[in-house]
Amino acid sequence: MYGYDQSGYPGQQPYGTQQPPTDGFGATYPGGAEGVDSYGGQQQYYPEQQHQQPPATPQAAPPAPPTLTDALRAYTSGAMSSEEFHDTFLAGKIYCPRGENPGFLALHNTQQPVIPLFTSLKELRRYAGKESRYFTVTGGEVLDLLPTGYGFALDMEGEHRLVLDAKSVEEMVEYTMRRLYG
Numbered sequence: 001m002y003g004y005d006q007s008g009y010p011g012q013q014p015y016g017t018q019q020p021p022t023d024g025f026g027a028t029y030p031g032g033a034e035g036v037d038s039y040g041g042q043q044q045y046y047p048e049q050q051h052q053q054p055p056a057t058p059q060a061a062p063p064a065p066p067t068l069t070d071a072l073r074a075y076t077s078g079a080m081s082s083e084e085f086h087d088t089f090l091a092g093k094i095y096c097p098r099g100e101n102p103g104f105l106a107l108h109n110t111q112q113p114v115i116p117l118f119t120s121l122k123e124l125r126r127y128a129g130k131e132s133r134y135f136t137v138t139g140g141e142v143l144d145l146l147p148t149g150y151g152f153a154l155d156m157e158g159e160h161r162l163v164l165d166a167k168s169v170e171e172m173v174e175y176t177m178r179r180l181y182g
């Protein structure tokens with residue numbers, strides 16, 4: 001390693017092995033090293049350790065977490081709890097239409113202003129067209145950056161759309177803070 005000879009000198013024991021203490025003439029002391037009797041044989045202090053366990057069978061990898069699109073579909077159909085959807089949303093990649101200025105585009109032609117958000121580029125393109133500009137953030141960043149008083153519409157042109165008003169978004173933020181900080 002690093003150009004040094006690691007072989008040591010003849011008769012040197014590899015790192016981590018122990019030899020029983022000897023009297024200098026090759027004979028071991030009675031009761032010498034633990035686990036070695038005076039004749040060089042192995043003593044068995046714990047006979048139950050002698051039984052070998054069968055090799056562990058390889059376990060299947062845990063299932064991958066659902067995509068945000070799948071989670072939205074499951075949540076809107078009632079197959080996923082609010083907590084599960086919330087966790088998936090926080091880590092999920094959100095596609096946001098982009099205007100000339102930095103920030104979210106808001107729709108003001110609704111009862112309350114909402115921000116259109118999308119679970120995939122395909123859903124964004126369905127809403128805004130093929131040449132639309134966009135940026136991506138995580139769901140957690142959406143909750144952090146969304147202006148107060150705004151709701152959001154997730155996949156508003158999609159089959160499984162979800163619209164949350166400003167109060168619902170506020171509750172999501174509070175729930176996130178309680179989970180993160182107690």
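Heads up, the sequence shown is in the UniProt record's numbering, so the first residue is 1 and it goes up one at a time.
Note that CB positions come from ideal geometry on N, CA and C, so glycine has one too.
Taking only the alpha-carbon atoms, compute the straight-line gap between residue i and residue j and give it to the nearest angstrom.
i	j	result
R126	T69	14 Å
E131	A60	42 Å
F104	T76	24 Å
G99	A79	35 Å
V137	K93	6 Å
R178	K122	34 Å
R133	E159	22 Å
M1	T148	Caution is warranted here: a pLDDT of 46 is assigned to M1, below 50, making its placement in the model unreliable, and no coordinate value can be reported.
T110	Y181	34 Å
E174	S81	17 Å
Y150	K167	8 Å
T176	P97	25 Å
E83	E171	12 Å
L124	D144	21 Å
Give me, in chain order, the residues of the same chain whose beta-carbon lies closer than 8 Å to that of residue i; leave out the 5 immediate sequence neighbours on both sides.
i	result
F152	V114, I115, P116, L117, V142, L146, V163, L164 and V169
P62	none
Who are the Cβ neighbours of residue i in its own chain at under 7 Å, not counting the five residues just before and after it?
i	result
S120	T69 and Y95
T88	P65, P66, L68 and A71
R73	H160
Q112	G151, D165 and A166
Of all the options the options, which has the alpha carbon lying nearest to the alpha carbon of residue i?
i	options	result
L154	L107, P102 and P63	L107
G140	S82, L90 and S81	L90
G129	M172, A166, Q112 and E157	E157
P102	E171, P62, D144 and F135	F135
Which residues in the same chain as residue i place their Cβ atom closer than 6 Å to its Cβ, once the five residues preceding and following it in sequence are excluded?
i	result
H86	none
Handout entry: Start-end ranges of the alpha helix (DSSP H) lying completely within the UniProt domain "SseB protein N-terminal" (70-170), minimum 4 residues
Key = 82-91, 121-128 and 139-145
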